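Using mature numbering (1 follows the signal peptide of the UniProt record, and there is no 0), the letters of the sequence shown correspond one by one to residues -19 to -1, 1 to 825.
Reading through the structure tokens given below for one structure.
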Amino acid sequence: MKNILFSLILLFLAHSMLAKDVDGYLPLDKKNPVAFGGDYIRYQGKKIMLNERTFFVDGRLTKEITDKYPYAFSSFQAAVRQLKDGTPDAPMTIYLAPYVYWIDNPDDEAVRVPAGGGIPYGMEVKCNGLRLVGLTNKPQQVVLASNRGQTQGAVGNFTMFHFIGNDLSVENLTMGNYCNIDLVYPLMPELNRTRRADAIVQAQLAICEGDRIMARGVHFVSRLNSCPLVGGKRVLFDDCYFECTDDALCGTGVHVNCKLKLFSSKPFYATQGTGAVFLNCDFEVITRERQFFTKVGSAVTMVDCRLHTVQSPLYVGWTQDPTPDLKCYQYNVSLNEKPLFINRLKPANTVDMTGKRVLDAYRLVHKGAVVYNTYNLLRGADEWDPMKNKKTIEMIGKATGKKYTAVATMLTVSPRRCELESGVSTQLLQAQVLLFGNLPTNAETVHWSLSPEDAQIARLKVKEDGSCEVSGHNDNDEAKTILVNASTESGLQGTAAIRILPRYLEAPAFTNLPRIEWEEKGVLAVRYELDLAGRADESLITWYRCTDAKGSNAIPVAVSRLNKPEQTYRLSSGDVGYYLMASVAPKHLRCHAGQTESVVCAQVIRTTDVSGRDFMTDFRNFPTNYQPKIIPGFWTVDGFKPADTAAFDWQPDPAGSWMYGSGVDGASGNWGLLQAAKGARLLYTPVADKCAGMVVSLQIDPCKTAGQGFGSATGQYLDLYIQFDTRTLTGYGLRIVRTTKYDKAVEFILMKFVDGVATPLAEPVASSCYRSTCSIRLAVEGNKLTAHAESNARTADVTDHRILPIVDVSAVVEPLSFAGMGIQHTGSVGASASLLKEMKVEWK
């Protein structure tokens, strides 16, 4: 017993001597110590000499020590300033002791603004052959940290690192942007730091410009747009951990033995080229009901992956709205330990690699053991082998008589989508087989095919070079979309979607020219007859206001859309004093529009012809033509940059600000008026420019689904104007704005406008109701300005008591006589737009 005790004492003394040098250095992690000897470090029994290409960093080193030893540093910044290019065989290495290293000073109150626009970076690192190594067996003990994001300490998507150079390796550490998550550091609790803000914003980690990027045993933690080493040509993540929400992951990454915690439904915005690969990875899914991988449909491959969730049931798809040409690959994927077929509602987008040779590109079995073929995926043209399994792969190939080092992973077809006219045009399709990393190969023959149904209206002609000519013979009246399938013996698949039009006929002739008649009081109708040969009328009818019976100075006031001729026109007070003209371009579903015939109402519109003053539209017939003038009775359709957005670098596109179309994401399946550019504005100037009171009711479908409404809190809002002078931009309104306070809510603020300058009239109200469909009622009645807003969407999943499900807000105001109204949108467009579905304006 005494001998054992004596041996333990000797072991303790030896351990203490090893971990304490002559300068009094003591390791922070006593259980896994680092020893510092001035010109060397010792870790896990290995002595590492420090030199001009081998640095040591410990945030607890004193200035006296760092002055004495030229290759020891107390800050990451000081070490980076001394970097020299390394090579794959002799890298420039920075060893980091356990500590929290702030790449950007979290106590600096200055807002980070990017030089010359673009991205604000915490640090730019230009170095080839750079290796960053945490001296720990727990990556969370060596932390490279920042805590800034879009509108929270920065203008733009703050990014901690910008790495420029090839052959970057990051090992055994954490890269964290703690803008919206707490930094907890048990090894030294005084380094803990509370998140900058609760509202989740774009807070990025690292963007790379280079090739051969590797992370091993690294934790990447942030939320929105986390960007872990994104941008590299070839990127390997081995045994890494990720926490993120949307638009976050590396679109070219090969992930092996990784764990991912997904807090929202689209961790990729999009992948690039041959896409992202996951081999033997685990996903903890926090999302409810539906989990996707990409926001924009693009290539993803899953092999031996396991999804885990407590949310049941959970639908898992590649992307929310996959197009027929999307092909993603899977093998042996499970959800809560049960087999999972991804994208089961549209199974044609998924290629199950079971029993197909294409699986060899990712996974081999040798002597009962699984070997992931990362050499095949990452070798490129320079034989990169970061997992050191080239010899193993070649040995397996030699044993089986097969080659596993050049197995293709993608088959592309271009164009992916197009249309052709039967008997008139053809379409040439090109196929390309790619090795991972977008490297073309001629190792496989491509086969082209049609389904039996599609073969009835299309023919394929395969040319000597392997391309395929498609011709159509659609004798039906309606166009039909066919799928041309490409495939290889290994199991690769590609698809092109081609819309086969019937041969166009001549436009139908008028058998009776257009004439305008009264449909009923307040409603005009244009009557005409066409030789449609039994087909439905799809004529394009546009109504104009003109200044005389000759059709002079015509301004469009209603148009035809969705193949429905606008044969009637409801008069409004704005029509009084004008002549109405209807132009008819004859058309059915099997022809282009023919020669337009126009007719002008013989009499000017009088006040007695109009049945009421109120206005209502679903925007289906709303002209989106650029109309910048302020004219009584007309809409001003343009773009405008309000003064309170001056700090944000964007310019309006007045001539292209609005479009009619279908929404996406939260507005999917709905049609209405959409912003096509930032600053989109509508102003209505009534003929009677005075009123005692007004009510504006708006049905709106935001494309954003979580209640945040807009792309970011960068001066992005929607103003709904009421009792508004469109000439001086003076009146009242309701502002719906995304702020830095919330990531799943917007604020509703009653506003007063004087010469375009907005002033709040009441405290803002935060709400989650800005989701499809949001119903808004804004009214001026007497001396009260009131707003009510609510949504018919499912109750939002929010716990913040400040966020209300319904908005009711009011303010006492000085009555104005102005009668105009309008909408100003300063937000991003596309997936951040808001679809105007229906509007009603009432004047008192």
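For every residue, glycine included, the Cβ atom is placed at its ideal position computed from N, Cα and C.
Being a predicted model, the structure only gives us computed values, none of them experimental.
The shortest CA-to-CA distance from ASP556 to any of ARG571, VAL565, GLY593 and ARG542 is the one to GLY593.
Note: LEU431 is not bridge-paired with any residue in the DSSP secondary-structure output. When DSSP states are grouped into helix, strand and coil, VAL405 belongs to the coil group.
Cβ neighbours of THR140 within its own chain (closer than 8 Å, five residues either side excluded): ILE100, PRO101, TYR102, GLY103, GLN185, LEU186, ALA187, ILE188 and CYS208. Nearest to GLY642 by alpha-carbon distance, out of ARG662, GLY811 and THR528, is GLY811. One Cα belongs to GLY5, the other to HIS236, and the distance between them is close to 41 Å. GLU445: not part of any beta strand (DSSP E); DSSP gives it neither H nor E. Secondary structure at ASN32: strand, using DSSP grouped into helix, strand and coil. Classified as exposed, ALA490 has fewer than 16 neighbouring CB atoms from the shown chains inside 10 Å of its CB. No Cβ-Cβ contact shorter than 8 Å links ALA477 with LYS568. Here PRO303 is buried: its Cβ has 16 or more other Cβ atoms, across all protein chains shown, within 10 Å. For LYS722, the closest C-alpha among the options ASP220, THR252 and THR132 is that of THR132. Scanning ILE730, TYR560, ALA648 and ASN158 for the CA closest to the CA of ALA535 turns up TYR560.
In the structure shown, ALA71 adopts coil according to DSSP, grouped into three states.
In this structure, DSSP gives MET169 a state outside helix and strand, which the three-state scheme calls coil. Fully contained in the stretch 718 to 746 are the following beta strand (DSSP E) runs of length 3 or more, in chain order: 727 to 735 and 738 to 741. Annotated as distal: CYS750 and ILE703, with beta-carbon spacing of 8 Å or more.
By the criterion of a C-beta distance shorter than 6 Å, TRP631 is surrounded in its chain by LYS659, once the five residues flanking it on both sides are discounted. Judged by DSSP in its simplified three-state form, ASP700 adopts strand. For ARG338, the secondary structure class from DSSP, reduced to helix, strand or coil, is helix. Annotated three-state conformation of LEU358 is helix, per DSSP. Here MET675 is bridged, per DSSP, to VAL761 and TRP824. In the DSSP assignment, ILE497 forms a beta bridge with VAL507.
DSSP places ALA563 in the strand class (E or B) of the three-state scheme. For ALA362, the closest alpha carbon among the candidates SER430, ASP192 and SER452 is that of ASP192.
DSSP, read as helix, strand or coil, puts GLY692 in coil. Note that the C-beta distance between LEU416 and THR390 is below 8 Å. In the structure shown, the three-state DSSP call for THR776 is coil. For ILE194, the enclosing beta strand (DSSP E) stretches over residues 194 to 197. Annotation: TYR713 to VAL822 spans about 15 Å, alpha carbon to alpha carbon.
Just measuring C-alpha positions, the residue of ARG758, GLU519, SER55 and THR807 sitting nearest LEU731 is ARG758.
Separation of TRP83 and GLY18 (C-alpha to C-alpha, rounded to the nearest whole angstrom) is 25 Å. If you look at VAL216, you'll find it in the beta strand (DSSP E) that goes 216 to 219. Put simply, of PRO537, PHE218, VAL346 and THR549 the residue whose alpha carbon is nearest the alpha carbon of ILE497 is THR549. Under the DSSP definition of a beta bridge, PHE615 partners with THR666.
With 16 or more other Cβ atoms inside 10 Å of its own Cβ, GLN272 counts as buried.
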